[in-house]
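Residue numbers (this note's numbering): 254 to 808. Where a beta carbon is used, it is the ideal one built from N, C-alpha and C, also for glycine. Just so you know, these numbers come straight off a predicted model, no measurement behind them.
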């Protein structure tokens with residue numbers, strides 16, 4: 254960077270809102286435009302390889318100049334630490350998640366952005382500078398038909414001065430309506446780190462490799478294993494509020510600055526954001542019903558050098574609810590420690606590295622789906638038993654006619670179901686996300702259509718009717734988890750199945766696995782598929798990006 258560009262970048266960082274808040278970058282200011290173009294160039298993005306990106310930036314600059322000419326200010330963004338105020342959709346969000354270091358010599362940082370329902374094009378950059386204004390490290394990521402859950406790590410850089418650093422996140426793109434957004438920028442500054450960060454809840458309490466929150470169901474057999482780490486959290490409601498416990502603490506090397514009158518940090522002296530991001534939908538949901546902010550909750554307490562919280566439960570409302578969705582859960586907390594700001598982050602955001610200031614937690618999934626009460630289950634001996642009467646240890650007939658053993662079960666509630674009828678007259682009601690075995694593999698019940706081939710005890714049959722139903726009053730539903738007839742884990746997951754209403758369905762574990770695969774498939778795609786989903790105006794930029802990825806060279 255030239256000396257002019259370095260000064261421009263310093264001015265941009267100094268102009269950022271306090272406490273990590275994000276703001277629109279004013280491109281009517283020549284210094285801001287020069288700084289942003291310099292960052293793009295440092296990351297290999299030029300007018301030659303990203304022509305439409307630069308065309309849209311010119312449009313944004315023109316709109317900013319027009320606003321200034323009319324004496325109008327740029328639109329303000331909603332504060333990250335504002336209380337949730339009954340919005341009917343998740344909000345877009347932009348933040349620097351962390352500054353990671355043990356000694357302020359080796360530095361790492363992560364920038365995060367999320368767009369509700371995604372965007373045609375998303376560009377997230379993170380740049381770390383030292384106390385001399387020199388760039389230590391910069392990195393970026395681009396997504397096409399994505400942008401729902403972007404976390405970009407700067408990579409390790411050497412802070413040769415050993416002084417305080419700034420981490421700058423810059424976010425730009427075009428939303429899925431074709432409207433440019435940004436550039437948005439946010440800064441996290443620091444020179445200190447916490448002593449210890451703890452996350453007590455939510456955590457994995459089962460044999461899962463991730464946290465499972467069951468919104469409408471729970472394990473009725475305390476002695477049996479269960480897939481649910483938490484639940485039911487909102488029984489009988491549809492759509493359910495997303496609720497789960499959130500408990501933890503941060504300890505610092507010095508005492509936390511507090512208002513003597515309240516014993517808590519004074520309003521305006523701290524920053525706290527607790528948010529939930531659906532990875533397939535994008536957009537953040539924030540806590541509801543906790544007062545003005547996280548800090549005002551009665552179970553958030555300060556004792557000398559330690560802050561603790563215990564939200565039972567944390568309630569994120571309904572607007573982010575998606576059945577079997579995986580979520581990014583992030584707490585970003587800044588407190589003044591003896592008048593020095595110190596950041597601490599707890600997150601499960603992808604591509605984020607653990608550091609002394611960042612605690613990484615497990616992936617979190619919400620599950621909601623089962624078999625309707627009264628559905629007959631085919632037992633191994635050929636008899637039938639209603640699903641609500643099936644117990645742990647019962648032997649059911651499996652896919653190949655051999656037995657599978659019930660290892661655990663759940664009970665719950667729902668208001669929506671899919672009724673399936675096949676050519677043999679067999680009938681079953683399932684919740685929309687329950688897996689059904691088809692000729693093409695396990696498929697969610699909501700995706701089935703007339704003519705699809707499913708399986709009964711005697712082999713293949715075709716669906717002759719598929720009916721979606723919703724009722725105002727919740728009804729009872731049940732789910733079963735099975736092992737092989739010898740009590741061993743079933744390695745071929747499509748064989749973790751049994752007959753409900755004489756239709757072969759997957760067990761509860763398969764349901765979660767299927768949802769995860771479906772989410773990954775929804776976000777993936779070949780270059781040709783992605784290009785088809787991107788507006789033609791972006792094709793030159795996209796084609797250059799594909800070439801760069803194929804060459805394994807970052808632009």
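Return the CA-CA distance between residue 686 and residue 699, expressed in angstroms with no decimal places. Walking along the chain shown from the start, residue 686 turns up at place 433. Walking along the chain shown from the start, residue 699 turns up at place 446. Rounded to the nearest angstrom, the two C-alpha atoms are 6 Å apart.
Does DSSP put residue 751 in a helix, in a strand, or in coil? Position 498 of the chain shown, counted from the first residue, corresponds to residue 751. Note: residue 751 maps to strand in three-state DSSP.
Grab me the residues of residue 335's own chain with a C-beta within less than 6 Å of its C-beta, minus the 5 sequence neighbours each way, in chain order. Position 82 of the chain shown, counted from the start, is the residue given in the question as residue 335. With a pLDDT of 44 at residue 335, under the threshold of 50, the modelled position of this residue cannot be trusted; read the value that follows with caution. Sequence-distant partners of residue 335 (beyond 5 residues in either direction) whose C-beta falls short of 6 Å from its own C-beta are missing from its chain.
In three-state DSSP terms, what is residue 381? Locating residue 381 in the chain shown gives position 128, where the first residue counts as 1. Note: residue 381 maps to strand in three-state DSSP.
Helix or strand or just coil, what does DSSP make of residue 409? Translated into positions along the chain shown, residue 409 becomes position 156. It is coil, neither helix nor strand.
Would you kindly work out how many angstroms separate the C-alpha atoms of residue 447 and residue 579, rounded to a whole number? As a first step, residue 447 must be located in the chain shown, where it is residue number 194. As a first step, residue 579 must be located in the chain shown, where it is residue number 326. The straight-line gap separating the alpha-carbon atoms of residue 447 and residue 579 is approximately 29 Å.
Going by Cα to Cα distance, which pick from 657, 623 and 634 is closest to residue 641? For this step, residue 641 is matched to residue 388 along the chain shown. Of the candidates 657, 623 and 634, the one whose C-alpha sits nearest the C-alpha of residue 641 is 623.
Test item: CB-CB of residue 588 and residue 499 under 7 Å: One-based indexing of the chain shown puts residue 588 at position 335. One-based indexing of the chain shown puts residue 499 at position 246. Contact flag unset, no.
Can you round the beta-carbon distance between residue 464 and residue 618 to whole angstroms, since I take them to be within the 8 Å contact cut? Position 211 of the chain shown, counted from the first residue, corresponds to residue 464. Position 365 of the chain shown, counted from the first residue, corresponds to residue 618. Indeed they touch by this definition, with Cβ atoms about 7 Å apart.
Counterpart residues of residue 675 in DSSP-defined beta bridges: Stepping through the chain shown from its first residue, residue 675 is reached at position 422. Paired residue(s): 716.
With respect to the beta strand (DSSP E) encompassing residue 758, which residues constitute its N-terminal and C-terminal limits? Within the chain shown, numbered from 1, the residue matching residue 758 stands at position 505. Element bounds for residue 758: 756 to 759.
If you draw a straight line from the alpha carbon of residue 516 to that of residue 555, how long is it in whole angstroms? Here residue 516 corresponds to residue number 263 of the chain shown, with the count starting at 1. Here residue 555 corresponds to residue number 302 of the chain shown, with the count starting at 1. Whole-angstrom Cα-Cα distance: 7 Å.
Euclidean distance between Cα positions of residue 801 and residue 795: What you label residue 801 is simply residue 548 of the chain shown in a count that begins at 1. What you label residue 795 is simply residue 542 of the chain shown in a count that begins at 1. The straight-line gap from Cα to Cα measures roughly 10 Å.
When you compare each of 591, 736 and 605 to residue 645 by their alpha carbons, which one comes out closest? Position 392 of the chain shown, counted from the first residue, corresponds to residue 645. Nearest C-alpha to residue 645: 736.
Between the beta-carbon of residue 386 and the beta-carbon of residue 259, is there less than 7 Å? Start at 1 with the first residue of the chain shown, and residue 386 comes out as number 133. Start at 1 with the first residue of the chain shown, and residue 259 comes out as number 6. Using a Cβ distance threshold of 7 Å, residue 386 and residue 259 count as a contacting pair.
Can you say whether residue 543 is buried or exposed, counting buried as having 16 or more other CB atoms within 10 angstroms of its CB? Against the chain shown, residue 543 aligns to sequence position 290. Below a pLDDT of 50, predicted positions are generally treated as unreliable, and residue 543, at 43, falls in that range; no measurement from the model is reported.
I'd like to check one pair, residue 404 with residue 273: are the Cβ atoms closer than 7 Å? Here the question's residue 273 lines up with position 20 in the chain shown. Here the question's residue 404 lines up with position 151 in the chain shown. No, these two residues do not count as a Cβ contact at 7 Å.
Please classify residue 497: does DSSP put it in a helix, a strand, or coil? In the chain shown, residue 497 corresponds to position 244, counting from 1. If DSSP states are grouped into helix, strand and coil, residue 497 belongs with the strands.
Counterpart residues of residue 706 in DSSP-defined beta bridges: Looking up residue 706 in the chain shown gives position 453. Answer is 715.
Quick check on the DSSP output: the beta strand (DSSP E) that includes residue 525 runs from which residue to which? As a first step, residue 525 is located in the chain shown; it is residue number 272 there, counting from the start. From DSSP, the beta strand (DSSP E) with residue 525 extends over 524 to 531.
First and last residue of the beta strand (DSSP E) that includes residue 259? As a first step, residue 259 is located in the chain shown; it is residue number 6 there, counting from the start. Here residue 259 belongs to no beta strand (DSSP E); instead the alpha helix (DSSP H) covers 256 to 267.
Among 276, 643, 707 and 750, nearest to residue 656 - alpha-carbon criterion: Residue numbering aside, residue 656 sits at position 403 when the chain shown is read from its first letter. Comparing alpha-carbon positions, the option among 276, 643, 707 and 750 lying closest to residue 656 turns out to be 750.
Start-to-end residues for the beta strand (DSSP E) that takes in residue 565: Here residue 565 refers to the residue found at position 312 of the chain shown. Taken as a continuous stretch (DSSP letters only), the beta strand (DSSP E) holding residue 565 covers 559 to 568.
Just confirm the distance between the C-beta atoms of residue 549 and residue 393, as a whole number of angstroms; I'd bet it's less than 8 Å. One-based indexing of the chain shown puts residue 549 at position 296. One-based indexing of the chain shown puts residue 393 at position 140. Here residue 549 is actually not in contact with residue 393; their C-beta atoms are around 37 Å apart, not less than 8 Å.
Smallest Cα separation from residue 255: which of 278, 268 and 284? As a first step, residue 255 must be located in the chain shown, where it is residue number 2. Comparing alpha-carbon positions, the option among 278, 268 and 284 lying closest to residue 255 turns out to be 284.
Check each candidate in 318, 428, 437 and 412 and name the one with the smallest Cα separation from residue 443. Here residue 443 refers to the residue found at position 190 of the chain shown. The shortest C-alpha separation from residue 443 is found at 412.
Using the Cβ count rule (16 or more neighbours within 10 Å means buried), how would you classify residue 634? For the purposes of this step, residue 634 is identified with residue 381 of the chain shown, where counting begins at 1. By the neighbour-count definition (other C-beta atoms within 10 Å, threshold 16), residue 634 is an exposed residue.
Check whether the stretch 406 to 421 and the stretch 367 to 377 touch, using three or more Cβ-Cβ pairs below 8 Å as the test. Touching, no, given that fewer than three Cβ pairs across the two stretches are closer than 8 Å.
Tell me whether residue 330 sits in a helix, a strand or coil according to DSSP, three-state version. By one-based count along the chain shown, residue 330 stands at place 77. In the three-state scheme derived from DSSP, where H, G and I count as helix and E and B as strand, residue 330 is classed as coil.
Beta-carbon gap between residue 599 and residue 584 smaller than 7 Å: For the purposes of this step, residue 599 is taken as the residue at position 346 of the chain shown. For the purposes of this step, residue 584 is taken as the residue at position 331 of the chain shown. It is a contact, given that the beta carbons lie within the stated cut-off.
For residue 724, count neighbouring Cβ atoms within 10 angstroms of its own Cβ and tell me buried if that reaches 16, exposed if not. Locating residue 724 in the chain shown gives position 471, counting from the first residue. It counts as exposed.
Where residue 459 and residue 483 are concerned, what is the direct C-alpha to C-alpha distance, given to the nearest angstrom? For the purposes of this step, residue 459 is taken as the residue at position 206 of the chain shown. For the purposes of this step, residue 483 is taken as the residue at position 230 of the chain shown. Rounded to the nearest angstrom, the two C-alpha atoms are 10 Å apart.
With DSSP as the reference, label residue 316 as helix, strand or coil. Here the question's residue 316 lines up with position 63 in the chain shown. The three-state reading of DSSP puts residue 316 in helix, counting H, G and I together.
On the criterion of 16 or more Cβ atoms from any shown chain inside 10 Å, does residue 380 qualify as buried, or is it exposed? Looking up residue 380 in the chain shown gives position 127. With at least 16 other beta carbons inside 10 angstroms of its own, residue 380 counts as buried.
Sub-7 Å separation of residue 422 and residue 400 beta-carbons: One-based indexing of the chain shown puts residue 422 at position 169. One-based indexing of the chain shown puts residue 400 at position 147. No, the Cβ-Cβ distance between residue 422 and residue 400 is not below 7 Å.
Just confirm the distance between the C-beta atoms of residue 661 and residue 759, as a whole number of angstroms; I'd bet it's less than 8 Å. As a working note, residue 661 is residue 408 in the chain shown. As a working note, residue 759 is residue 506 in the chain shown. For a cut-off of 8 Å, the C-beta gap from residue 661 to residue 759 is around 15 Å, too long to register as a contact.
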